[in-house]
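**Student:**
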Amino acid sequence: MTVHDLRLERSRRPAFDAVSPALRRCAHGVEYALLRDGEGGELYFTRDGWAMSESLSPRHWYQDQRFHRVGRALPGATGSVYRVPVPHAARGDVGIVVKFCRFGQDVGLTTLGAGSVFPWPEALMAEAEFLGPFEEFGAIHRLRERARRTPHIATKRPLAIHVPAARFAGWQLGRADYRLERQVRALDADQRRTPADERISYDPGRIYVLLYSWVGGIDAEQAAQAGLITNETMMDLGREAAGAVAAHGFAVLDHKPRHVIVRPLADGRLLQRRGRTAFALIDYELLVPWTGTSPASRAPRADSPDSHD
Ligand SMILES: Nc1ncnc2c1ncn2[C@@H]1O[C@H](COP(=O)(O)OP(=O)(O)OP(=O)(O)O)[C@@H](O)[C@H]1O
Ligand SMILES: [Mg+2]
Numbered sequence: 001m002t003v004h005d006l007r008l009e010r011s012r013r014p015a016f017d018a019v020s021p022a023l024r025r026c027a028h029g030v031e032y033a034l035l036r037d038g039e040g041g042e043l044y045f046t047r048d049g050w051a052m053s054e055s056l057s058p059r060h061w062y063q064d065q066r067f068h069r070v071g072r073a074l075p076g077a078t079g080s081v082y083r084v085p086v087p088h089a090a091r092g093d094v095g096i097v098v099k100f101c102r103f104g105q106d107v108g109l110t111t112l113g114a115g116s117v118f119p120w121p122e123a124l125m126a127e128a129e130f131l132g133p134f135e136e137f138g139a140i141h142r143l144r145e146r147a148r149r150t151p152h153i154a155t156k157r158p159l160a161i162h163v164p165a166a167r168f169a170g171w172q173l174g175r176a177d178y179r180l181e182r183q184v185r186a187l188d189a190d191q192r193r194t195p196a197d198e199r200i201s202y203d204p205g206r207i208y209v210l211l212y213s214w215v216g217g218i219d220a221e222q223a224a225q226a227g228l229i230t231n232e233t234m235m236d237l238g239r240e241a242a243g244a245v246a247a248h249g250f251a252v253l254d255h256k257p258r259h260v261i262v263r264p265l266a267d268g269r270l271l272q273r274r275g276r277t278a279f280a281l282i283d284y285e286l287l288v289p290w291t292g293t294s295p296a297s298r299a300p301r302a303d304s305p306d307s308h309d
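Here our numbering is used: position 108 in the sequence shown is 108, and no number is missing along the way.
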């Protein structure tokens, strides 16, 4: 199989649809272009990520812990999430979000916001598990497709999944094999019809890093703390976002106002769209299909045979 090296090919990068089939991958309904980073690591670019693939090179945000040294850890995160400026040919530099995938870890870590009254029953939380990286990109990809229809939801764009070469013991990554099982099964089921040498499978000993676009703005909790909105408005925004997600057949099991990004204007008011406060939804590590009123009416997950759209 030909291996293209990110460092070598900058100037000759083909358009996404012209990338050689040997480098094309597909998982949970998302198409990828796969490149290797010269150290044995892999980079799976989505179509949006490929359009800025040079900026997403690990040397701009991963090597020598640049996400930590040049980037900043995002306040309010219970996981490892960073905003990192990376160079961009046309725009000088752009902010990306570097999020270390928590699949296989105990969800008990994350918290629900105060007064989290959402359309889906809290009991769903009991079954919550962090999605695998390819499943997370698959879920947000589907939500983005549906959210083009009303109620429209702005989201952050999934750009790439980086799998550095280094290997660790599961406990070093805070993972439990039994928690990985379902995601491993789901990806294997998804890849069942893919030729063997093009199949993607999870390696429980490796880190998976999700790259997303940065959404300019602050989260609704920060806006309330800054006195730009009342707590009541903050909760309304949280409920509105949850209602929109549910309308498209999904639930975010740990939804909270911190997952709702608003855009303050120079005069301190928030950006409005069609007479309502404009917002974007972030954080999809617990974004699951849900189409009903009770926990039982949860839509089938990726590993059940009839989930292939
Ligand atoms: N793409 C983005 N654009 C703008 N702000 C972001 C973006 N992603 C994250 N943030 C900011 O970083 C904070 C933490 O991000 P995120 O919710 O993804 O972390 P987390 O570790 O999943 O936390 P938790 O699951 O407990 O909510 C958000 O509340 C928000 O303020
Ligand atoms: Mg989260």
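Even for Gly, the Cβ is constructed at its ideal location relative to N, Cα and C.
Bear in mind the structure is a predicted one, so any value in this text is a computation, not a measurement.
Report the residue from Val245, Ala224, Glu181, Glu39 whose alpha carbon sits nearest the alpha carbon of Arg269.
**Tutor:** Ala224
**Student:** To the nearest angstrom, how far is the alpha carbon of Arg167 from that of Gly205?
**Tutor:** Arg167 and Gly205: Cα-Cα distance of roughly 5 Å.
**Student:** Are there 16 or more other CB atoms within 10 angstroms of the CB of Pro14, so buried, or fewer, so exposed?
**Tutor:** exposed
**Student:** Which of the three DSSP states is assigned to Phe134 in this structure?
**Tutor:** Assigned with DSSP and collapsed to three states, Phe134 falls in helix.
**Student:** Just mark Gly108 as buried or exposed, buried being the case when its beta carbon has 16 or more other beta carbons within 10 Å.
**Tutor:** exposed
**Student:** Please tell me whether, using a cut-off of 7 Å, the distance from the CB of Thr291 to the nearest non-hydrogen atom of ligand 1 is below it.
**Tutor:** Between ligand 1 and the CB of Thr291, the shortest heavy atom gap is not smaller than 7 Å.
**Student:** Only counting the same chain, and skipping five residues up and downstream in sequence, which positions put a Cβ closer than 7 Å to that of Pro119?
**Tutor:** Ala242, Gly243, Ala246
**Student:** Would you say Ile96 lies against chain D (beta-carbon separation less than 8 Å)?
**Tutor:** Looking at the structure shown, chain D is missing, and only one protein chain is on hand.
**Student:** For Ala114, does the count of other Cβ atoms within 10 angstroms reach 16, so buried, or fall short, so exposed?
**Tutor:** Only weak support exists for where Ala114 lies, its pLDDT of 49 falling under 50; the value from the coordinates is given anyway. Looking at its Cβ environment, which holds fewer than 16 other Cβ atoms inside 10 Å, Ala114 is exposed.
**Student:** Can you tell which of Pro87, His248, Leu74, Ala77 has its C-alpha closest to the C-alpha of His364?
**Tutor:** Any property of residue 364 remains undetermined from this structure, which presents the chain solely from 1 to 309.
**Student:** What is the residue span of the beta strand (DSSP E) that Ala169 lies within?
**Tutor:** Here Ala169 belongs to no beta strand (DSSP E), and DSSP marks it neither H nor E.
**Student:** Quick check on Ala18: buried or exposed, where buried means 16 or more other Cβ atoms within 10 Å of its Cβ?
**Tutor:** exposed
**Student:** Who does Lys99 pair with in a DSSP beta bridge?
**Tutor:** Val81, Leu210
**Student:** What residue does the alpha helix (DSSP H) around His60 start on, and which one ends it?
**Tutor:** 58-61
**Student:** Under 7 Å: does the beta carbon of Leu228 sit that close to some heavy atom of ligand 1?
**Tutor:** Leu228 has its CB no nearer than 7 Å to any heavy atom of ligand 1.
**Student:** Taking 7 Å as the line, does the beta carbon of Trp315 fall inside it for any heavy atom of ligand 1?
**Tutor:** Here the chain covers residues 1 to 309 and nothing more, so residue 315 does not appear.
**Student:** For Leu237 and Lys256, I'd like the C-alpha separation in whole angstroms.
**Tutor:** Using only the alpha carbons, I get a separation of about 10 Å.
**Student:** Could you tell me if Thr310 is buried or exposed, where buried requires 16 or more neighbouring beta carbons within 10 angstroms of its beta carbon?
**Tutor:** Since the first and last residues shown for the chain are 1 and 309, residue 310 lies out of range.
**Student:** Excluding the 5 residues preceding and the 5 following Ala51 in the sequence, name in chain order all residues of the same chain whose CB lies nearer than 6 Å to its CB.
**Tutor:** none
**Student:** Restricting to Cα atoms, I'd like to know which of Asp93, Glu136, Gly38, Ile161 is closest to Tyr44.
**Tutor:** Ile161
**Student:** Please name the residue in Phe134, Ala77, Ile140 whose C-alpha comes closest to that of Arg182.
**Tutor:** The candidate whose alpha carbon is nearest that of Arg182 is Phe134.
**Student:** State yes or no: is the C-beta of Phe137 within less than 8 Å of the C-beta of Arg102?
**Tutor:** no
**Student:** Please determine, among Val215, Ala186, Thr291, the residue with the shortest C-alpha to C-alpha distance to Tyr202.
**Tutor:** The option with the nearest alpha carbon to Tyr202 is Ala186.
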